[in-house]
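Numbering (this note's numbering), first residue to last: 8 to 335.
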């Protein structure tokens with residue numbers, strides 16, 4: 008009888024202790040220091056998206072999660088020294104761009120299995136090894152800042168009529184952004200010219216280059232007149248850039264001139280000095296969409312990333328990726 012009572016007491020004690028021991032054991036393994044960085048826990052309904060990037064130097068396809076890809080794009084496309092809200096805006100455009108690429112058939116030929124390249128043909132992308140070499144001792148703080156910006160916008164995309172937009176961006180405007188149809192063939196209602204006067208503070212606002220008359224004529228396929236003139240601007244775009252020029256009877260678009268002479272912008276002026284032509288440009292890039300330096304100056308003024316993107320992309324909304332995930 009006595010043995011039965013002892014056994015009963017022992018069993019009862021174990022029943023009380025085992026749950027406590029289990030909680031203690033697993034609780035210690037899962038404890039997180041207060042100073043640790045918060046980590047995103049993927050929601051059950053959050054779509055799992057993978058991007059296949061063609062690495063142009065290695066000539067191979069690298070597959071990686073969407074958000075990891077966005078980190079590599081933001082790190083490559085915008086200086087980590089920029090304001091946090093500007094980096095968030097860049098993360099939003101980078102994610103939107105790749106989501107639209109994943110949804111639609113490519114018009115540009117890509118290696119088999121690739122969604123995008125890692126070059127300016129699509130978006131520049133650097134992996135961690137490249138960034139460690141590029142940033143050196145600054146790698147840790149720069150990567151931490153970039154990751155924070157991407158995480159703050161995780162799963163968000165820019166939409167117009169519930170579709171991802173053409174999230175074009177560029178470095179520096181000439182004081183205005185450009186209508187999409189002024190540079191490309193298609194007109195998009197959200198890619199229209201807006202003022203961006205802050206860009207004048209950008210270190211890339213002005214650029215000057217000198218080219219010989221002979222090279223100028225060869226590249227453009229023209230013959231300069233003997234009166235010392237270069238060419239006459241016939242029309243300008245809504246973004247105040249050169250739309251059309253006449254050079255001694257031959258008409259060229261501003262984009263033609265920019266690409267053939269490798270100019271920073273289509274807002275250019277020129278002057279002949281002896282056997283050379285001095286060309287001055289304002290702005291850096293095609294001018295369509297979000298100005299990166301403009302975004303940074305707006306962030307310095309206290310604007311949020313949402314205010315920045317809705318300024319440069321007129322009439323857009325910010326939606327969750329799940330809105331279009333089924334179309335991948």
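C-beta: ideal position from N, C-alpha, C; glycine also.
- The beta carbons of residue 68 and residue 59 sit about 5 Å from each other, so the pair counts as a contact at 8 Å.
- Remark: C-beta atoms of residue 87 and residue 139 do not approach each other more closely than 9 Å.
- Around the C-beta of residue 95, 16 or more other C-beta atoms lie within 10 Å, and the residue is accordingly described as buried.
- For residue 164, the uninterrupted beta strand (DSSP E) run begins and ends at 163 to 167, by DSSP.
- Segment contact: the segment 167 to 179 against the segment 204 to 213, three or more CB-CB distances shorter than 8 Å; contact assigned.
- Our two residues, residue 268 and residue 233, have alpha carbons roughly 21 Å apart in a direct line.
- In this structure, DSSP gives residue 70 an extended state, which the three-state scheme calls strand.
- Annotation for residue 310: 92 place their beta carbon closer than 7 Å to its own, counting only its chain and skipping 5 residues before and after.
- The beta carbon of residue 214 is closer than 6 Å to those of 271, 288 in its chain, skipping five residues each way along the sequence.
- The beta-carbon separation of residue 330 and residue 166, rounded to 7 Å, stays under the 8 Å limit for a contact.
- Distance from the Cα of residue 226 is smallest, within the candidate group 264, 245, 302, for 264.
- Distance check between residue 135 and each of 128, 99, 150, 129 places 150 closest, using alpha-carbon atoms only.
- Residues 164, 171 of the same chain have their beta carbon placed closer than 6 Å to that of residue 106, with the five preceding and five following residues left out of the count.
- Judged by DSSP in its simplified three-state form, residue 142 adopts helix.
- Under the DSSP assignment, residue 303 falls in the alpha helix (DSSP H) whose first and last residues are 299 to 307.
- Rounded to the nearest whole angstrom, the C-alpha separation of residue 148 and residue 142 is 10 Å.
- Selection 318, 79, 308 evaluated against residue 154 yields 79 as nearest (Cα-Cα).
- Counted as a single uninterrupted DSSP element, the beta strand (DSSP E) harbouring residue 258 occupies residues 257 to 260.
- In the structure shown, residue 100 adopts helical secondary structure according to DSSP, grouped into three states.
- Here residue 76 carries a helix assignment [DSSP, helix/strand/coil].
- Within the segment 206 to 258, complete beta strand (DSSP E) segments of at least 3 residues are found at 213 to 219, 239 to 243, 249 to 254, given in chain order.
- Looking only at 282, 295, 296, 254, the smallest Cα-Cα distance to residue 276 is reached by 254.
- Residue 259 and residue 298 have their C-alpha atoms roughly 26 Å apart.
- Bounds of the beta strand (DSSP E) holding residue 287 are 283 to 289.
- Shortest Cα-Cα distance from residue 292 to any of 211, 314, 280, 222 involves 211.
- In the same chain as residue 300, and ignoring 5 residues on each side of it, the C-beta atoms closer than 6 Å to its own belong to 179, 206, 209, in chain order.
- Taken through DSSP and simplified to helix, strand or coil, residue 278 comes out as strand.
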